[in-house]
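Worksheet for the structure shown next.
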Amino acid sequence: MDEHHSLVEQLTRARNRQGGVAEIVLGGHRTIVVSEPESAHRVLVRHADNYTKLTRSHRTRVLMGDGLINATGAAWRRQRRVLQPQFTARALHRYENAIAESARATGERWAGHARTGRRFDLGDELTMFAQDVIWRAITGRPLDDEVARELASVERIVATLKALPVDAEAARKAVSEDLGRIDGLAKREIAGARAAGDRTGFLSTLVAAADRFPEYTDELIRDELVTLFAAGYETTATALTWTFVLLQRNPVARERLLAEATEPTSVAEALVREAMRLYPPVWLVPRQAVAEDTLGGRTVTAGMDVMVCPYLIHRDPQWWPDAEVFSPGRFGTPGGRPRHPGAYLPFGSGPRTCIGMRFALRESVALLDAVLPHFRTNVEHIPAGIAHGLTIRPDGPLPATTTFAGEGYLRGKPKMA
Ligand code: HEM
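Residues 808 to 1224 (this note's numbering) are what the sequence shown spells out, left to right.
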């Protein structure tokens, strides 16, 4: 993690010395660091064709293969077109039940914690929630213990990703046992979805795509399955974790919002959006320049790496007054936040924008609505450090306890549906 901790310092220094478009050398590569909205918008949206995904590293490919995150060119366009209909506002209705059931299951688990007074790890709880939601959306079934154990292989690989050898073969070898477990699980699920022939869940969409496109081999379906799972849970769990941490550090912000709340949904969304401003789970969005371009008056030559940094943009006082203050009201009031489309980028922007954005916001709101009004949660220890890994997380465990708050409909024994 140190490598990345110093990376955020290095990027901040570059910004302070050179401004919103800076040039540094990272890992031996000339790299442009973008930390102002106009140039970020140019890279991700207006001139997106000139800034492709950085494909040099094989590391994420070891886990997610040619899934949507790693795909480029015509293959990416096709893959995006196949999955996009699952992520429209309308399609989200299909996943409402899965999200609601997951949120209720979490509420019931917390009611158990409240009744017994036992300590739990906040990050683990939220990870469990996010994994359950995405697994239900992918397969149509809740996450059971056995599958959860198998999916822990994904977590283990994600945790070692940065330390893997650059050589693809050597990297695969280093995590072959976990990869084997994931591949076995994927194979079983794909066969199951084929046999069931139903049409719910992302996986059945992918299996059905194989009828139309020969490219949808079982290998590609496996890659998409792992991509959706891996992209879907850690980011969301991280965003929720920071929401709780920030609420705990800023009880006034919470009280004020709860008191002023007329629509619980918009309150929860304002909370998680503001948490993602201060701690955008994906804090760096890397690209590579195809041809020469000019960004903020600086020449970007073909082949250069370009890092858009939502973390720095979100904390720029020029765009965000009192930038370091947790102030969810920014997202709850008209005119409360900058209008520039490049000033707030937790989900990226442009053609490669997060396909799961609506889904992520919906599940986050469902979780906060299931928990915040009913429990008073106390994180007993918040680590001082921040781990700037693939996502930004508190650097250590988050032991917490919870008690029933207010009327707390969950106070009694949970009713079975
Ligand atoms: C709070 C939660 C989330 C955050 C902060 C987040 C953030 C992001 C960002 C910044 C990107 C763009 C990366 C780039 O441009 O290089 C992205 C892409 C992506 N996200 Fe998310 N994400 C979240 C939740 C999800 C969920 C729930 C899913 C799946 C259901 C998902 C699936 C994806 C996929 C497949 C891509 C690649 C899209 C493409 O390249 O076409 N994400 N995400």
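Ideal Cβ placement from N, Cα and C applies to all residues, glycine included.
Classify H854 as helix, strand or coil using the three-state DSSP reduction.
-> Numbered from its first residue, the sequence shown carries residue 854 at position 47. Reduced to three states, the DSSP call for H854 is coil.
Beta-ladder partner(s) of T1101, from DSSP = Within the sequence shown, residue 1101 is the residue found at index 294, counting from 1. T1106, per the DSSP bridge assignment.
Measure the alpha-carbon distance for T819 versus A1194 and round it to whole angstroms.
-> Residue 819 sits at position 12 when you count from the first residue of the sequence shown. Residue 1194 sits at position 387 when you count from the first residue of the sequence shown. Near 16 angstroms, if we compare the C-alpha coordinates of A1194 and T819.
Confirm the yes/no value for this check: CB of V1092, any heavy atom of ligand 1, distance under 6 angstroms.
-> In the sequence shown, counting from the first residue as 1, residue 1092 sits at position 285. Flag set: Cβ of V1092 near ligand 1.
Is it true that the CB of V840 sits closer than 7 angstroms to the CB of R1105?
-> The residue given as residue 1105 occupies position 298 in the sequence shown. The residue given as residue 840 occupies position 33 in the sequence shown. No, they are not a contact pair.
Where R901 falls, given that 16 or more other Cβ within 10 Å makes a residue buried = Reading the sequence shown from its first residue, position 94 is the one you call residue 901. Looking at its Cβ environment, which holds fewer than 16 other Cβ atoms inside 10 Å, R901 is exposed.
If we count the other Cβ atoms within 10 Å of its Cβ and call it buried at 16 or more, is A1096 buried or exposed?
-> On the sequence shown, residue 1096 is found 289 positions in, with the first residue counted as 1. Answer is buried; the Cβ neighbour count reaches 16.
Check whether the Cβ atoms of F927 and A1207 lie closer than 7 angstroms to each other.
-> Taking the first residue of the sequence shown as 1, we reach residue 927 at position 120. Taking the first residue of the sequence shown as 1, we reach residue 1207 at position 400. Yes, they are a contact pair.
Taking the Cβ atom as the reference point for each residue, do G880 and T1034 lie within a distance shorter than 7 angstroms?
-> One-based indexing of the sequence shown puts residue 880 at position 73. One-based indexing of the sequence shown puts residue 1034 at position 227. No, the pair does not count as a contact, with Cβ atoms beyond the cut-off.
Any chance you could list the alpha helix (DSSP H) runs of at least 4 consecutive residues sitting entirely within the stretch 853-898, in chain order?
-> 866-871 and 880-890
Along the chain, where does the beta strand (DSSP E) that runs through Q1095 open and close?
-> On the sequence shown, position 288 is the one that residue 1095 refers to. Element bounds for Q1095: V1092 to A1096.
Limits of the alpha helix (DSSP H) - the one that M935 falls within = Position 128 of the sequence shown, counted from the first residue, corresponds to residue 935. Run containing M935: L929 to T946, per the alpha helix (DSSP H) assignment.
For M1114, the first and last residue of its enclosing alpha helix (DSSP H) = Position 307 of the sequence shown, counted from the first residue, corresponds to residue 1114. Here M1114 belongs to no alpha helix (DSSP H); instead the beta strand (DSSP E) covers D1112 to V1115.
Rounded separation between P1221 and Y1086 - CA only | By one-based count along the sequence shown, residue 1221 stands at place 414. By one-based count along the sequence shown, residue 1086 stands at place 279. Caution is warranted here: a pLDDT of 44 is assigned to P1221, below 50, making its placement in the model unreliable, and the coordinate value is therefore given only provisionally. Distance between the alpha carbons of P1221 and Y1086 is about 34 angstroms.
Would you decide whether V871 is buried or exposed? Buried here means 16 or more other CB atoms lie within 10 Å of its CB.
-> Counting from 1 along the sequence shown, the entry for residue 871 is found at position 64. A small correction: the amino acid at residue 871 is Met; Val does not occupy that position in the sequence shown. Looking at its Cβ environment, which holds 16 or more other Cβ atoms inside 10 Å, M871 is buried.
If you draw a straight line from the C-alpha of S846 to the C-alpha of T1101, how long is it?
-> As a position in the sequence shown, residue 846 is number 39, starting the count at 1. As a position in the sequence shown, residue 1101 is number 294, starting the count at 1. If I take the Cα positions, the gap works out to 9 angstroms.
Verify the contact flag: C1116, CB atom, against every heavy atom of ligand 1, threshold strictly below 6 angstroms.
-> For the purposes of this step, residue 1116 is identified with residue 309 of the sequence shown, where counting begins at 1. No, since every heavy atom of ligand 1 falls outside the 6 angstroms radius drawn around the Cβ of C1116.
Give a single yes or no on whether T1043 has its beta carbon closer than 6 angstroms to a heavy atom of ligand 1.
-> Here the question's residue 1043 lines up with position 236 in the sequence shown. Within the chosen limit of 6 angstroms, ligand 1 reaches the beta carbon of T1043 through at least one heavy atom.
Is L958 near ligand 1, in the sense that its beta carbon is under 6 angstroms from a heavy atom of that ligand?
-> Here the question's residue 958 lines up with position 151 in the sequence shown. Incorrect: L958 has no Cβ contact closer than 6 angstroms to ligand 1.
Name the one or two DSSP bridge partners that H836 has.
-> The sequence position of residue 836 within the sequence shown is 29, counting from 1. BP columns for H836 point to L833.
Would you list the one or two residues that DSSP bridges to P1201?
-> Position 394 of the sequence shown, counted from the first residue, corresponds to residue 1201. BP columns for P1201 point to I1193.
Kindly indicate the opening and closing residues of the beta strand (DSSP E) around A1207.
-> The residue given as residue 1207 occupies position 400 in the sequence shown. Taken as a continuous stretch (DSSP letters only), the beta strand (DSSP E) holding A1207 covers P1206 to F1211.
Tell me whether G1163 is buried or exposed, calling it buried when 16 or more other Cβ atoms sit within 10 Å of its Cβ.
-> Against the sequence shown, residue 1163 aligns to sequence position 356. With 16 or more other Cβ atoms within 10 Å, it is buried.
Are the stretch 901-917 and the stretch 1045-1062 in contact at 8 angstroms, needing three or more beta carbon pairs?
-> no
Check whether the Cβ of L1035 sits closer than 6 angstroms to any heavy atom of ligand 1, and report yes or no.
-> Sequence index remark: in the sequence shown, residue 1035 carries index 228 (1-based). Answer for L1035: yes, Cβ within range of ligand 1.
Mapping DSSP to helix, strand and coil, what is R1184?
-> Reading the sequence shown from its first residue, position 377 is the one you call residue 1184. First, the residue type needs correcting, since residue 1184 is Thr and not Arg in the sequence shown. If DSSP states are grouped into helix, strand and coil, T1184 belongs with the strands.
Could you tell me whether the Cβ atoms of R956 and P949 are closer together than 7 angstroms?
-> Numbered from its first residue, the sequence shown carries residue 956 at position 149. Numbered from its first residue, the sequence shown carries residue 949 at position 142. Their beta carbons are not under 7 angstroms apart, which means R956 does not touch P949 by this criterion.
Heavy atom of ligand 1 less than 6 angstroms from the Cβ of G1008, yes or no?
-> By one-based count along the sequence shown, residue 1008 stands at place 201. Relative to ligand 1, G1008 has its C-beta separated by 6 angstroms or more from all heavy atoms.
Hey, how far is the Cα of L986 from the Cα of L1032?
-> Within the sequence shown, numbered from 1, the residue matching residue 986 stands at position 179. Within the sequence shown, numbered from 1, the residue matching residue 1032 stands at position 225. Whole-angstrom Cα-Cα distance: 13 angstroms.
Whole alpha helix (DSSP H) elements within the stretch 1005-1068, 4-residue minimum | 1009-1019, 1025-1056 and 1058-1067
Beta-carbon separation of P1117 and T1198 under 7 angstroms?
-> Counted from its first residue, the sequence shown places residue 1117 at position 310. Counted from its first residue, the sequence shown places residue 1198 at position 391. For P1117 and T1198, no; Cβs fall outside 7 angstroms.
Roughly how many angstroms lie between the CA atoms of R1165 and A977, to the nearest whole one?
-> Walking along the sequence shown from the start, residue 1165 turns up at place 358. Walking along the sequence shown from the start, residue 977 turns up at place 170. Roughly 37 angstroms between the two C-alpha positions.
Kindly list the residues whose CB is nearer than 8 angstroms to the CB of A821, restricted to its own chain and excluding five residues on each side of it in sequence; keep chain order.
-> In the sequence shown, the residue the question calls residue 821 occupies position 14. Excluding positions up to five away in sequence, the list reads A829, E830, I831 and V840.
Hey, how far is the Cα of T1012 from the Cα of T838?
-> By 1-based counting over the sequence shown, the position of residue 1012 is 205. By 1-based counting over the sequence shown, the position of residue 838 is 31. Whole-angstrom Cα-Cα distance: 39 angstroms.
Less than 8 angstroms between the CB atoms is what I'm expecting for G947 and T1007, so what's the real figure, rounded?
-> On the sequence shown, residue 947 is found 140 positions in, with the first residue counted as 1. On the sequence shown, residue 1007 is found 200 positions in, with the first residue counted as 1. Rounded, the Cβ-Cβ distance is 5 angstroms, consistent with contact.
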